[in-house]
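Novice: Numbering (my numbering), first residue to last: 1 to 71.
Handing you this structure, nothing more for now.
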């Protein structure tokens, strides 16, 4: 009667209810791009923190956590 999704999909939905696998893949690519830029320009993070709303560091932290979980 009930459909049981694969365990890894179910786990993903529990941890990130609003993020589909495709969205997470997109975020991972953005995080990799940001890290690549950060290597070239170490002041970028400081610049972003000054000129972008204060929730950005939280978003970056989420992206880094997703990267760590992915590898």
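We put the CB at the ideal spot given by N, CA and C, even for glycine.
The model shown is predicted, which means the values in this text are computed figures rather than measured ones.
Residue 61 and residue 31 look like a contact to me (Cβ under 8 Å); what is the Cβ gap, rounded to whole Å?
Specialist: Going by Cβ atoms, the distance from residue 61 to residue 31 rounds to 10 Å, so no, they are not a contact pair.
Novice: Just the C-alpha distance for residue 21 and residue 27, rounded to the nearest angstrom, thanks.
Specialist: Within the model, the alpha-carbon separation for residue 21 versus residue 27 is close to 10 Å.
Novice: With 16 other CB atoms within 10 Å as the buried threshold, where does residue 66 fall?
Specialist: buried
Novice: Once DSSP output is grouped into helix, strand and coil, what is the label at residue 20?
Specialist: Note: residue 20 maps to coil in three-state DSSP.
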